[in-house]
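In this note's numbering, the protein residues as written are 45 to 579.
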């Protein structure tokens with residue numbers, strides 16, 4: 045969409061004489077066309093998303109209905125996380141498109157720009173922009189005294205969600221109703237991609253917990269109905285995703301023909317090609333390829349096997365009736381359990397996860413207060429055939445020793461809770477990792493239920509080796525960093541290990557996987573896999 049002309053067509057003489065120099069890229073054009081109360085653009089570095097927000101403020105300022113004196117008054121808050129970045133990026137971008145010759149900036153407290161512009165219809169635009177830094181939740185107080193028309197959250201990935209929460213209550217308060225008719229109010233945001241733990245992800249992509257998402261959807265629908273009754277028929281939220289700047293091809297990167305703001309970069313596509321030089325893949329995925337992810341100081345444990353575009357597809361998996369549900373379990377101060385099954389094609393179905401909610405939870409409490417309620421809620425008492433579900437827990441062989449905060453063996457706690465349990469073939473990390481990697485490398489070898497949130501995030505980088513600096517050379521620890529993602533991934537490994545034919549150092553031979561021998565009790569031998577296991 046050529047923008048200047050298209051925006052001018054939309055707003056007529058209210059578009060302003062200098063908007064014709066602005067060419068909105070396709071995603072930004074859709075952003076401008078939306079009338080949602082909260083709107084956000086997520087894209088690669090240098091994709092023109094911040095410029096789109098600046099121009100959106102200008103457009104809305106021209107669109108504002110005039111007061112009795114013919115003045116179109118609006119006031120905006122422009123938020124960035126730090127004072128330094130507010131000056132060097134946010135204000136710099138604003139002045140590049142709304143120059144100080146027509147919108148001088150007062151650099152006192154608070155820093156404020158003011159655009160006063162006479163229009164051909166003899167009305168006057170009077171747009172005030174207050175620049176504010178908010179780098180911690182306590183800074184939300186800076187917004188409490190502001191009466192705004194709209195709010196711009198610049199690089200929202202670096203802002204706390206409390207800023208958005210407070211900001212939505214400060215817009216639509218200027219100009220006052222007695223001075224001019226209400227025209228528009230809202231929040232606009234731009235950002236690079238971020239970790240899927242971020243509040244943006246929950247708003248834009250939906251909550252990972254289906255029940256939580258259902259509540260959010262119900263609330264949105266109710267609010268939308270109430271707005272309609274008040275004569276304000278508009279969407280609550282709209283999020284816009286720009287295409288990646290580059291494409292991956294044969295282990296390298298090539299220009300993406302659909303990339304946006306290429307003409308806005310002096311070097312064109314070369315800007316992004318140079319940008320990726322020397323960067324980790326996680327960094328490139330987030331800031332150039334526009335993928336959600338996590339930039340970590342280390343290396344993902346399954347960095348060479350896990351592909352989020354392929355393995356990370358969100359699905360709802362139904363358990364297979366008539367088959368035992370095996371549960372991999374990690375013992376310790378933060379227990380975790382991952383239930384799963386193998387289907388007839390040898391695919392590992394990761395059916396969910398149960399993770400200790402408290403940082404320190406004993407095994408007895410975990411079994412009774414966490415795992416039992418979880419299994420009942422997730423699977424019910426019976427399968428689709430009307431038969432009771434059967435569970436078999438597989439755990440670290442060390443769990444047959446005293447647990448860390450109970451004077452009994454971990455295995456005994458599990459048995460007392462009414463579960464059958466067996467020790468995994470080994471707790472050797474390399475063997476455990478290889479067990480999961482085997483399924484990742486197998487075509488259509490693993491499926492992860494949408495409720496296995498920590499498992500999925502761990503694959504994306506939360507479960508990683510920490511970087512170790514040795515003599516100026518970056519190396520990595522031999523075993524994963526212990527954090528909230530390591531516990532469910534340890535459990536996943538104990539789930540996978542009994543099913544695969546891998547080298548088990550303790551045995552010095554290949555272990556024959558359970559399902560390779562028999563898919564079920566009494567089933568015929570799965571000979572092709574049995575042959576592989578015995579090679």
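From the three backbone atoms N, C-alpha and C, an ideal C-beta is built for every residue, glycine too.
Keep in mind it's a predicted model, so treat the numbers as computed, not measured.
Sort the options by Cα distance to residue i and report the nearest one.
i: residue 309; options: 522, 92, 291, 273; result: 92
i: residue 542; options: 497, 165, 476, 222; result: 476
i: residue 584; options: 470, 480, 380; result: Since the first and last residues shown for the chain are 45 and 579, residue 584 lies out of range.
i: residue 299; options: 317, 307, 149; result: 317
i: residue 355; options: 484, 97, 153; result: 484
i: residue 328; options: 150, 363, 155, 290; result: 290
i: residue 153; options: 396, 145, 131; result: 131
i: residue 340; options: 359, 325, 351, 102; result: 325
i: residue 490; options: 386, 471, 375; result: 386
i: residue 375; options: 73, 213, 530; result: 530
i: residue 540; options: 314, 221, 391; result: 391
i: residue 323; options: 160, 417, 146, 297; result: 297
i: residue 85; options: 241, 304, 179, 295; result: 304
When DSSP labels each residue in this structure, what does residue i get in the three-state scheme?
i: residue 548; result: The pLDDT assigned to residue 548 is 40, lower than 50, so where the model puts this residue is not dependable; a value taken from the coordinates is nonetheless given after this. Residue 548: strand per DSSP, three-state reduction.
i: residue 278; result: coil
i: residue 132; result: helix
i: residue 438; result: strand
i: residue 272; result: helix
i: residue 359; result: strand
i: residue 178; result: coil
i: residue 331; result: helix
i: residue 98; result: helix
i: residue 443; result: helix
i: residue 353; result: helix
i: residue 401; result: coil
i: residue 71; result: helix
i: residue 218; result: coil
i: residue 453; result: strand
i: residue 407; result: helix
i: residue 614; result: As displayed, the chain neither begins before 45 nor continues past 579, which places residue 614 out of reach and without an answer.
Under 8 angstroms by Cβ, that's how I've got residue i and residue j pegged, so tell me the actual separation to the nearest angstrom.
i: residue 425; j: residue 432; result: 6 angstroms
i: residue 482; j: residue 544; result: 4 angstroms
i: residue 504; j: residue 342; result: So it is not a contact: roughly 13 angstroms between Cβ atoms.
i: residue 138; j: residue 231; result: At roughly 17 angstroms, the Cβ-Cβ gap does not stay under 8 angstroms, so residue 138 and residue 231 are not in contact.
i: residue 90; j: residue 71; result: Not quite, the Cβ-Cβ distance comes to about 14 angstroms (not below 8 angstroms), so this is no contact.
i: residue 117; j: residue 219; result: 5 angstroms
i: residue 239; j: residue 338; result: 5 angstroms
i: residue 195; j: residue 213; result: In fact, because the Cβ distance is near 10 angstroms, the residues do not count as touching under 8 angstroms.
Return yes when the Cβ of residue j is within less than 9 angstroms of the Cβ of residue i, no when it is not.
i: residue 473; j: residue 437; result: no
i: residue 162; j: residue 172; result: no
i: residue 121; j: residue 208; result: no
i: residue 237; j: residue 335; result: yes
i: residue 133; j: residue 78; result: no
i: residue 394; j: residue 497; result: no
i: residue 104; j: residue 235; result: no
i: residue 224; j: residue 109; result: yes
i: residue 396; j: residue 456; result: no
i: residue 168; j: residue 114; result: yes
i: residue 280; j: residue 259; result: no
i: residue 411; j: residue 458; result: yes
i: residue 179; j: residue 125; result: yes
What's the gap between the Cα of residue i and the Cα of residue j?
i: residue 527; j: residue 203; result: 24 angstroms
i: residue 215; j: residue 83; result: 14 angstroms
i: residue 30; j: residue 250; result: With the chain running from 45 to 579 in the structure shown, residue 30 is simply not present.
i: residue 176; j: residue 165; result: 33 angstroms
i: residue 369; j: residue 378; result: 22 angstroms
i: residue 140; j: residue 187; result: 26 angstroms
i: residue 272; j: residue 278; result: 8 angstroms
i: residue 380; j: residue 184; result: 36 angstroms
i: residue 439; j: residue 535; result: 8 angstroms
i: residue 502; j: residue 533; result: 7 angstroms
i: residue 467; j: residue 332; result: 45 angstroms
i: residue 365; j: residue 358; result: 22 angstroms
i: residue 419; j: residue 509; result: 31 angstroms
i: residue 199; j: residue 330; result: 13 angstroms
i: residue 471; j: residue 127; result: 50 angstroms
i: residue 119; j: residue 174; result: 8 angstroms
i: residue 148; j: residue 270; result: 41 angstroms
i: residue 488; j: residue 384; result: 16 angstroms
i: residue 537; j: residue 372; result: 7 angstroms
i: residue 74; j: residue 284; result: 8 angstroms
i: residue 408; j: residue 460; result: 9 angstroms
i: residue 523; j: residue 443; result: 19 angstroms
i: residue 182; j: residue 247; result: 22 angstroms
With 9 angstroms set as the bound, which would you pick, yes or no: does the beta-carbon of residue i sit closer than that to a beta-carbon of chain C?
i: residue 522; result: You won't find chain C in this structure, because it holds only one protein chain.
Flag residue i as yes when its Cβ comes closer than 8 angstroms to any non-hydrogen atom of the ligand HEM, and as no otherwise.
i: residue 155; result: Absence of the ligand HEM from the depicted structure is noted, as is the absence of any ligand whatsoever, leaving it without description.
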